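Per the working numbering, the very first residue in the sequence shown carries number 16; after that it's consecutive.
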Amino acid sequence: MAIIFIRTVILYFAILISMRVMGKRQLGELEISEFIVAALIADLAATPLQDIGIPLLNGLLPILIMFCLEIIIAGLNMKSIKLRKLTYGKPEIIIRNGRIDRDSMLRNRFTVDELMQELRAQGQNDASKIAYGVLETNGQLSLILTGSEQPATASMLGAAPAETGYAHIIINDGRILDKNLALLGRDRRWLENELKRRKIKSADEVYILTLSETGNVFCQRKED
Numbered sequence: 016m017a018i019i020f021i022r023t024v025i026l027y028f029a030i031l032i033s034m035r036v037m038g039k040r041q042l043g044e045l046e047i048s049e050f051i052v053a054a055l056i057a058d059l060a061a062t063p064l065q066d067i068g069i070p071l072l073n074g075l076l077p078i079l080i081m082f083c084l085e086i087i088i089a090g091l092n093m094k095s096i097k098l099r100k101l102t103y104g105k106p107e108i109i110i111r112n113g114r115i116d117r118d119s120m121l122r123n124r125f126t127v128d129e130l131m132q133e134l135r136a137q138g139q140n141d142a143s144k145i146a147y148g149v150l151e152t153n154g155q156l157s158l159i160l161t162g163s164e165q166p167a168t169a170s171m172l173g174a175a176p177a178e179t180g181y182a183h184i185i186i187n188d189g190r191i192l193d194k195n196l197a198l199l200g201r202d203r204r205w206l207e208n209e210l211k212r213r214k215i216k217s218a219d220e221v222y223i224l225t226l227s228e229t230g231n232v233f234c235q236r237k238e239d
C-alpha cells in the first residue's frame, strides 16, 4: 500500500510539473498534438500504478521523453509556419457573409447540428447575421458579426469613458498580498485606513478586495 501511495505522489507531481512547464491550457483548448501528448502521459503514468512489479522509472522516463519532444516541437513550431500548419492545422472559414460553406463543413466533418450548437453557445441562432465563422485549430468556433449586428461601442457613440485599469487582488480570502500592494504603490497603512473606512476590523473579515491601477476599490466581506 505504501509503495502505491509513494508512486502515485511521485507520478502526480511529475505529470503536474511537465504539463505546467509545457504551458498547457484547458482540455477543450488543446491542439491535436497537445491532446495526444496529454493522453499518452496519462496512460504512461497509469502503467506503473496498475502493476507494482513494473519499475517506477518505466513510467517516469517516457513522461520525460514526451515532455522533451513537446518542448522541441513547440520550439520548432514557433520558427516554422509550415511545420505549425502540419502539426496544428489551420483555421477554416465555415461561414462567409452569412452563407454556410458546405465544402468546408464536410472537409472538417462538422455537422449542421454542431454548428447550431456552437452558434447558440455564443448567443447567436441565425447564420445570416455572421460575417465570418472560423473553425479554429483547437475546435472552437470564432464568430465575427456583420456590421449591422455588432454592438455599438463608446467610440461609435462619441463617448470617452474613463479607463478602468487592471484590478489586482489585495486581499484573497483573508490573506493580504503585500506584493500587489507594493506593485500599486500602496502599503499596509493605506489598507488599514481603507478597511476602517468600510468599518472592517481586520483582513480576516474580507473575502476579496481588489485595487485597480486607476484607484478603484472592490471589497466583499466573507459574510456578504
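Beta carbons: idealized from backbone N, C-alpha and C, even for Gly. For clarity, every value in this text was computed on a predicted model and none was experimentally measured.
- With respect to Ala182, Thr225 sits close: the two C-beta atoms are nearer than 8 Å.
- Here Leu91 has Leu98 as same chain residues with Cβ atoms under 7 Å from its own Cβ, once five neighbours each way along the sequence are excluded.
- Exclusion of the five residues before and after Thr179 leaves Ser227, Thr229, Asn231 as the residues of its chain whose Cβ lies within less than 8 Å of its Cβ.
- In the structure shown, Arg190 falls within a strand segment according to DSSP collapsed to helix, strand and coil.
- Excluding five sequence positions before and after Gly74, the CB atoms of its chain that fall closer than 7 Å to its own CB belong to Leu26, Leu59, Ala60, Thr62, Pro63, given in chain order.
- When C-beta atoms of the segment 134-150 are compared with those of the segment 107-121, three or more pairs fall below 8 Å, so the two segments count as touching.
- For Ile51, the closest of Leu150, Lys237, Ile78, Met171 by C-alpha to C-alpha distance is Ile78.
- The segment 150-166 and the segment 121-140 touch, with no fewer than 3 CB-CB distances between them shorter than 8 Å.
- Here DSSP, grouped into helix, strand and coil, assigns Tyr181 to coil.
- The alpha-carbon separation between Ile184 and Ile115 amounts to approximately 44 Å.
- When rounded, the separation of the alpha-carbon atoms in Asn140 and Met131 is 7 Å.
- In the three-state scheme derived from DSSP, where H, G and I count as helix and E and B as strand, Arg201 is classed as coil.
- Your pair Glu220 and Lys237 checks out as a contact, with CB atoms roughly 6 Å apart and the cut at 8 Å.
- Take Pro176, set aside five residues on each side of it, and the residues of its chain with a beta-carbon closer than 6 Å to its own are Ala169, in chain order.
- With at least 16 other beta carbons inside 10 angstroms of its own, Phe82 counts as buried.
- Secondary structure of Ala29 (DSSP, three-state): helix.
- The beta-carbon distance between Ile67 and Ile18, rounded to whole angstroms, is 5 Å. This is short enough to meet the 8 Å contact definition.
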